[in-house]
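Below you'll find the structure, written out as structure tokens, and then a few comments.
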Amino acid sequence: MSAPTLLIIAHGSRDPRHAATVDALRARVRSMQPGLRVEAAFLEFNAPRVPQVLARLAAADATEVIALPLLLTRAFHAKTDIPAVLREATARHPRLSVRQAAVLGPSPLLMDALERRLHEAGLRPADRSSTGVVLASAGSTDPEAIAVIAEIAREWRHTGWCAVRPAFASASLPRTEDAVRALRADGVPRVAVAPYVIAPGRLPDRIAHGAEAAGADLLSPVLGPAPELARLLLHRYDEARAAAPALLTA
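Residue 105 in the UniProt record's numbering sits at position 105 of the sequence shown, and the numbers go up by one each step.
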């Protein structure tokens with residue numbers, strides 16, 4: 001039997017950099033596991049949409065799909081939007097079994113990717129103990145997602161940084177600029193902003209503007225197609241494949 005198709009589900013954005021990043025990440029995953037069929041689809045704004053890709057897979061006689069949300073926290077899209085889209089598609093294509101994998105975060109691989117981006121932006125290992133980091137995420141109205149970001153910041157603080165503070169581009173407080181200024185007020189000599197987001201777009205731009213407005217010393221790029229992120233996608237795929245089937249039903 002062939003391995004299940006990996007379907008990466010991204011939210012989508014009017015910003016063309018978003019879809020380009022998803023495509024680059026898909027290409028990296030394919031290069032890491034040749035022979036695995038890897039597709040990508042979007043909930044909105046970009047094509048192809050999830051129903052289109054699942055219809056194409058069903059027409060090609062695919063029998064099993066693992067749908068992996070390209071999300072860092074388990075918030076509304078992972079809990080509601082994606083399951084609804086997958087249930088509808090399953091009802092239309094009863095011979096196609098689809099299971100939803102876990103979201104990407106939290107994971108040590110994501111922390112490794114964050115650190116990779118900080119070093120690429122110019123932070124040296126010797127700077128670690130004198131640097132405070134703003135862990136800047138997109139934000140959510142979901143308390144579970146906000147609590148996860150706060151916990152990641154607490155854990156990351158214990159790896160040698162002077163301080164780590166969470167911040168949010170929308171829906172929650174503090175904003176990036178407020179977290180940068182709070183670290184300055186605490187006497188932190190160097191402040192770096194690490195966007196905890198996968199692809200460029202409106203909210204990552206808001207993080208960058210906040211970092212600049214507050215005078216952060218360093219802003220790292222978004223996670224993008226980092227090798228650690230690609231490995232994490234394959235890890236979540238393997239987890240879902242090994243788990244007892246919990247197929248979506250209409």
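C-beta atoms are modelled at their ideal positions from N, C-alpha and C, and glycine is treated no differently.
Check, Outcome
"Do you know how far the Cα of ALA208 is from the Cα of ASP178?", "13 Å"
"For the region 48-63 against the region 120-130, do three or more pairs of beta-carbon atoms, one drawn from each stretch, fall closer than 8 Å, so that the two count as touching?", "no"
"In this structure, how does DSSP classify PHE42 when only helix, strand and coil are distinguished?", "strand"
"Curious, which full-length alpha helix (DSSP H) runs of at least 4 residues does the region 81-105 contain?", "82-92"
"Taking the alpha helix (DSSP H) that SER31 belongs to, which residues open and close that run?", "16-32"
"Let's test the definition: count the other Cβ atoms within 10 Å of the Cβ of GLN52 and tell me whether it reaches 16, buried, or not, exposed.", "exposed"
"Could you tell me the boundaries of the alpha helix (DSSP H) in which ILE207 lies?", "202-213"
"Could you name the residues of the same chain whose beta carbon sits closer than 6 Å to that of PRO48, not counting the 5 residues immediately before and after it, in chain order?", "ALA41"
"What three-state label does DSSP hand LEU70 in the structure shown?", "coil"
"I'd like to know whether the C-beta atoms of TRP161 and MET111 end up nearer to each other than 8 Å.", "no"
"Find the nearest neighbour of residue 254 within the set VAL193, LEU6, SER140, ILE146, judged by alpha-carbon distance.", "Lying before the first or after the last residue shown, residue 254 is absent from the chain, which here runs from 1 to 250."
"So, using beta-carbon positions, are LEU68 and HIS77 closer together than 8 Å?", "no"
"May I have the straight-line CA-CA distance separating PRO174 from LEU234, to the nearest angstrom?", "33 Å"
"Output the residue ranges of the beta strand (DSSP E) runs that lie fully inside the region 142-227 and measure 3 residues or longer, sorted by chain position.", "163-168, 190-195"
"Buried or exposed for ALA250, going by 16 or more other Cβ atoms inside 10 Å?", "No answer about ALA250 holds up, because its pLDDT of 41 lies below 50 and its placement is not dependable."
"Let's test the definition: count the other Cβ atoms within 10 Å of the Cβ of THR141 and tell me whether it reaches 16, buried, or not, exposed.", "exposed"
"Using three-state DSSP, classify SER137 as helix, strand or coil.", "strand"
"If you follow the alpha helix (DSSP H) that LEU54 is in, where does it begin and where does it stop?", "50-59"
"First and last residue of the beta strand (DSSP E) that includes LEU6?", "5-10"
"Going by CA-CA distance only, name the one from ALA136, ARG14, ARG190, GLY35 that's closest to GLY215.", "ARG190"
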